[in-house]
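Protein sequence lines correspond, in order, to chains A and B. The letter at position 65 of the first sequence is residue 76 when you use our numbering, and the numbering goes up by one with no holes. The letter at position 2 of the second sequence is residue 4 when you use our numbering, and the numbering goes up by one with no holes. Backbone N, C-alpha and C fix where the C-beta goes; we use that ideal spot for every residue, glycine too. No experiment lies behind these values; they were computed from the predicted model shown.
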Amino acid sequence: EPEVTQTPSHQVTQMGQEVILRCVPISNHLYFYWYRQILGQKVEFLVSFYNNEISEKSEIFDDQFSVERPDGSNFTLKIRSTKLEDSAMYFCASNGGLGDTQYFGPGTRLTVL
Amino acid sequence: AQKVTQAQTEISVVEKEDVTLDCVYETRDTTYYLFWYKQPPSGELVFLIRRNSFDEQNEISGRYSWNFQKSTSSFNFTITASQVVDSAVYFCALRTLNNNDMRFGAGTRLTVKP
Chain A
12 EPEVTQTPSH QVTQMGQEVI LRCVPISNHL YFYWYRQILG QKVEFLVSFY NNEISEKSEI
72 FDDQFSVERP DGSNFTLKIR STKLEDSAMY FCASNGGLGD TQYFGPGTRL TVL
Chain B
3 AQKVTQAQTE ISVVEKEDVT LDCVYETRDT TYYLFWYKQP PSGELVFLIR RNSFDEQNEI
63 SGRYSWNFQK STSSFNFTIT ASQVVDSAVY FCALRTLNNN DMRFGAGTRL TVKP
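In structure tokens, the structure reads:
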């Protein structure tokens, strides 16, 4: 069964460093998302991406964040200058069409020291 | 505005007990989708069920059942004869036709003791 994959599973970085989190959505899906879950809290929407551009973003998704689909398979989230409060689990998700179920990847745990 | 409320922060039951997880949602949209996801201790989000706003039929899948009631804006989840492997955090989520982002509730941590 096709699934969303994410790498790395765990990333440790120093405050102020740039990180890139990688996702490979399900191959025939058209809509891609990033969500964040701070430890012990709920899952929060960051951004959605469709047709090679951002379709929606939350107030969390400020100028230090960016997303890209550099080729036909990868979908990346870049955090330009990490802060301590960026420590969280980051989930990628994808779905085939509007209203379809979103399927989540296993997550990348980001730890900012 | 969309909002999902899971009032139960934590529930603890003994194996074989039935347990119901509550979910109340708010939206002004007439077309929307409701979801339940399970997050086991390993951390991934596992899709359990999706319900469309125009389909109020309740659903049963093995030991799991869902009760969707538009009149009370609720989408409750019942586990029958709970097992230790059901221990996880369960999230209810809402998405509308006009917004592709999912709004999650705060989650309910279910602990099933042997």
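Determine the direct distance from the alpha carbon of A/Asn62 to that of B/Val21, and round the result to whole angstroms.
Computed Cα separation, rounded: 42 Å.
Using only the alpha-carbon positions, how far apart do B/Ala9 and B/Met104 sit?
In a straight line, the C-alpha of B/Ala9 is about 18 Å away from that of B/Met104.
For B/Pro116, which residues from the same chain have a beta carbon less than 6 Å from its beta carbon, with the 5 sequence-adjacent residues on both sides left out?
Same-chain partners within the cutoff: Glu17, Val86.
Check distances from the C-beta atoms of the region 100-115 of chain A to those of chain C and list, in chain order, the residues that come in under 7 Å.
Protein chains in the displayed structure are A and B, and chain C is not among them.
Give the secondary structure of B/Thr80 by DSSP, where H, G and I count as helix, E and B as strand, and everything else as coil.
Reduced to three states, the DSSP call for B/Thr80 is strand.
Taking just the CA atoms, how far does A/Leu32 sit from A/Glu79?
Each residue's Cα considered, the two are about 11 Å apart.
List the residues that DSSP assigns as beta-bridge partners of A/Lys89.
DSSP output for A/Lys89 lists A/Ile31, A/Ser77 as bridge partner(s).
Does A/Val54 get closer than 8 Å to chain B when you measure Cβ to Cβ?
So, interface residue.
Using the beta-carbon count (16 or more within 10 Å), is A/Phe56 buried or exposed?
Buried is the call here.
Which residues does DSSP list as the beta-bridge partners of B/Thr33?
Bridge partners of B/Thr33: none, in fact.
Using only alpha-carbon positions, find the residue among A/Tyr42, A/Ser20, A/Leu124 that is nearest to A/Gly108.
The shortest C-alpha separation from A/Gly108 is found at A/Tyr42.
Between which two residues does the beta strand (DSSP E) holding B/Thr113 run?
Run containing B/Thr113: 110-115, per the beta strand (DSSP E) assignment.
So, with DSSP's three-state summary, where would you put A/Lys53?
A/Lys53: coil per DSSP, three-state reduction.
Just checking: is the beta-carbon of A/Glu67 within a distance shorter than 8 Å of some beta-carbon in chain B?
Yes, contact with chain B.
Check the Cβ of B/Ala108 against every Cβ in chain A and list those closer than 7 Å, keeping chain order.
Those within 7 Å of B/Ala108 in chain A are Lys53.
Below 8 Å between beta carbons: does that hold for B/Tyr39 and B/Lys5?
No, these two residues do not count as a Cβ contact at 8 Å.
Quick one: which residues of the region 46-76 of chain B get their C-beta closer than 7 Å to a C-beta of chain A? List them in chain order.
Of all residues in the region 46-76 of chain B, Glu46, Leu47, Phe49, Arg52 have a Cβ within less than 7 Å of some Cβ in chain A.
DSSP state of A/Ser105, grouped into three classes?
It is a strand residue.
Between the Cα of A/Val35 and those of A/Glu70, A/Thr122, A/Tyr114, A/Ser98, spot the shortest distance and give me the residue it belongs to.
The candidate whose alpha carbon is nearest that of A/Val35 is A/Tyr114.
How is B/Thr11 classed by DSSP in three states: helix, strand or coil?
If DSSP states are grouped into helix, strand and coil, B/Thr11 belongs with coil.
When Cβ atoms are compared, which residues of the region 59-87 of chain A fall closer than 8 Å to chain B?
Listed by position along the chain: Ser59, Tyr61, Ser66, Glu67, Ser69.
In the DSSP assignment, find the unbroken beta strand (DSSP E) run with B/Ile51 in it and report its ends.
B/Ile51 -> beta strand (DSSP E) spans 48-54.
Give a yes or no on whether 8 Å exceeds the smallest Cβ distance from A/Pro13 to chain B.
Taking Cβ atoms only, chain B never reaches closer than 8 Å to A/Pro13, which makes this a no.
Give me the DSSP bridge partner(s) of A/His21.
In the DSSP output, where bridge partners are listed per residue, A/His21 has A/Arg120.
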